[in-house]
Structure formats: C-alpha cells, structure tokens
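Number of protein chains: 2
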Amino acid sequence: MTINDDKLYDLAELFKVFGDSTRIRILFVLFEKDLCVQEISDELGMTQSAISHQLKILKQGKLVGSRRDGKQMIYYLADDHVRTIIDQGINHIEE
Amino acid sequence: MTINDDKLYDLAELFKVFGDSTRIRILFVLFEKDLCVQEISDELGMTQSAISHQLKILKQGKLVGSRRDGKQMIYYLADDHVRTIIDQGINHIEE
DNA sequence: TCAACATATGAGCACATGTTCATATGAAAG
DNA sequence: CTTTCATATGAACATGTGCTCATATGTTGA
C-alpha cells in the first residue's frame with residue numbers, strides 16, 4: 024500500500040470527526056432524511072449553537088453537505104462511505 | 024435499525040480510538056505483521072512508554088490483541104473489522 | 001534469589017475539544 | 001429599509017487527552 028504518514032494523519036483526523044457522540048447522533052438522524060439545523064437540535068435535545076458548531080466540523084470533514092432552502096439550511100449525508108464506515112463500526116461493537 | 028443512544032455512544036467511543044495518529048500508525052504497522060512493543064516504538068520513533076499507553080487503549084477497544092513470548096508481549100490486529108474500517112476511511116479520503 | 005531486560009502504570013503538565021452565552025450574518029416578508 | 005426568523009461564529013470555561021518521567025511489575029537466565 025502507498026500510505027505515508029501524512030495520509031495516516033488525515034485518516035486519524037477523519038476518524039476523530041466520527042469520534043464524538045453528538046456528531047454520531049447527528050449523522051444518525053441524517054441517515055433517515057435531510058434536516059435543517061433546528062430540526063436536528065430538536066431531535067437531539069441540544070442547543071442550536073452546539074449543533075451548528077458540530078455541523079461545521081462534519082462539513083469540513085466532508086461527512087455532510089448542505090443546501091439553502093429559504094431561511095433554512097438543509098443538511099444531508101455526504102456520501103455512502105459515511106454509511107459504510109458507521110455500519111462497520113456497528114458490526115465491530117456487536118460482535 | 025435498532026440503534027439506541029447507548030449504542031451510538033459506544034460507536035463514538037470506538038471511532039475515538041481510531042481518531043489519533045499515533046494509534047492509527049500502530050495499527051498500520053501491525054497490518055504487516057505482529058510486533059512486540061519495542062519494535063513498534065522503533066518503527067514509530069516514539070518512547071516505549073507512549074506506545075504502551077496507546078496499546079492499552081487499543082486493546083481496551085478490542086482493536087488489537089496480545090500474547091506473551093518470553094519477556095516480550097506481541098501485539099496483533101484483533102480482527103478484520105479493523106482493516107475494513109481503515110480501508111473505508113482511506114477510500115473516503117482519496118475520493 | 002538476584003540481576004537484567006521488557007513492558008505496564010501513575011502523576012503531572014501542556015494542549016485540544018465541546019458546550020454555553022452573547023452576538024453577528026444573512027435571507028425573506030412587510 | 002426594517003424587522004423577524006434561521007443559522008453561524010467567537011470568546012470563555014471546564015473537561016478530556018497524549019506525552020514525559022519515574023517507577024512498578026513480571027519474566028528469564030545465571
């Protein structure tokens with residue numbers, strides 16, 4: 024494999040994004056359907072600010088994307104890697 | 024899916040273990056072959072103590088296992104989930 | 001039993017991280 | 001334009017995390 028330390032560093036950064044229960048829960052509610060910030064906040068019972076901060080991190084890691092709909096920002100899962108990684112994680116836990 | 028918040032918390036804990044570059048590098052050298060603590064330290068250019076601390080975390084997360092060989096402890100990758108999760112992570116980064 | 005070697009562990013420190021609170025930005029309706 | 005609603009952002013604080021240093025534990029060979 025052609026993996027150098029830089030890439031391993033990026034890899035750690037990626038998993039770090041998954042490694043927080045608030046962010047995992049956000050990803051999980053987005054599994055079902057695309058949601059705006061306030062809906063996510065309500066689902067998780069957390070403040071809009073806390074969610075917004077975490078959404079920013081998720082977006083930087085390219086795990087979610089967003090589109091504007093009037094005054095709202097709609098967030099959605101970026102791609103299927105996210106689902107696959109989480110599924111594998113669940114497999115590991117459930118063994 | 025039958026995933027509750029407790030399980031999502033565990034999931035976050037799992038990814039947290041992957042989310043450190045020292046630990047990812049340890050896993051990566053163990054991809055090739057089983058190694059003792061000193062060999063891992065040498066490979067990564069880090070102290071035996073630092074590596075030992077991280078190996079403990081990896082072992083708690085069941086990402087590595089260990090067996091004794093005389094005075095040495097040999098560490099190895101626990102199972103194929105570890106490889107799969109890392110492979111998926113690399114896919115995500117390289118897209 | 002003792003010395004030598006390999007690994008594990010605990011305390012301490014510096015730095016990273018998540019939440020809150022206050023406020024800024026931006027879109028839309030009047 | 002101004003107000004209102006939705007979201008983003010920055011500073012501050014408390015907590016978590018990784019490394020170092022010193023030392024403990026445990027195994028082997030003399």
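So the protein lines, in turn, are chains A and B. Everything in the first sequence is counted per my numbering, starting at 24 for the first residue and increasing by one. Everything in the second sequence is counted per my numbering, starting at 24 for the first residue and increasing by one. Every residue gets a Cβ at the ideal spot worked out from N, C-alpha and C, and that includes glycine. Given the structure is predicted, the values throughout are model-derived calculations rather than measurements.
| Check | Outcome |
| --- | --- |
| Let me make sure I understand the geometry here. Which of 98/B, 58/B and 104/B has the alpha-carbon closest to that of residue 116/A? | 104/B |
| Just to confirm the assignment: which complete alpha helix (DSSP H) runs, minimum length 4, are found wholly within the stretch 32-59 of chain B? | 44-55 |
| What three-state label does DSSP hand residue 102/B in the structure shown? | coil |
| Are the CB atoms of residue 60/B and residue 74/B nearer to each other than 7 Å? | yes |
| Please name the residue or residues paired with residue 97/A in a DSSP beta bridge. | 59/A and 90/A |
| Give the DSSP-derived three-state secondary structure of residue 27/B in the structure shown. | coil |
| In terms of alpha-carbon separation, which member of 34/A, 92/A and 88/A lies closest to residue 54/A? | 88/A |
| I'd like to know whether the C-beta atoms of residue 37/A and residue 47/B end up nearer to each other than 7 Å. | no |
| Give me the chain B residues within the contact set of residue 43/A, using Cβ-Cβ distance strictly less than 7 Å, ordered along the chain. | 35 |
| Count the other CB atoms within 10 Å of the CB of residue 93/B; is the residue buried (16 or more) or exposed (fewer)? | exposed |
| Counting only C-beta atoms, is residue 115/B closer than 7 Å to chain A at any point? | yes |
| Any idea if residue 99/A is buried or exposed, counting beta-carbon neighbours within 10 angstroms, 16 or more meaning buried? | exposed |
| Could you spell out where the alpha helix (DSSP H) holding residue 85/B opens and where it closes? | From DSSP, residue 85/B is part of no alpha helix (DSSP H); its letter is neither H nor E. |
| Using a Cβ cut-off of 7 Å (strictly closer), state whether residue 111/A contacts chain B. | yes |
| Distance, Cα to Cα, residue 71/B vs residue 64/B? | 6 Å |
| Report yes or no: is there a C-beta of chain A within less than 7 Å of the C-beta of residue 31/B? | yes |
| Buried or exposed for residue 84/B, please, with buried defined as at least 16 other CB atoms from any protein chain shown within 10 angstroms of its CB. | buried |
| With DSSP as the reference, label residue 68/B as helix, strand or coil. | coil |
| Just checking residue 67/A against the ligand PLP - is the residue's beta carbon closer than 6 Å to any of the ligand's heavy atoms? | Absence of the ligand PLP is noted for the structure shown, with no ligands found whatsoever. |
| Given that a residue counts as buried once 16 or more other Cβ atoms are within 10 Å of its Cβ, and exposed if not, what is residue 42/B? | buried |
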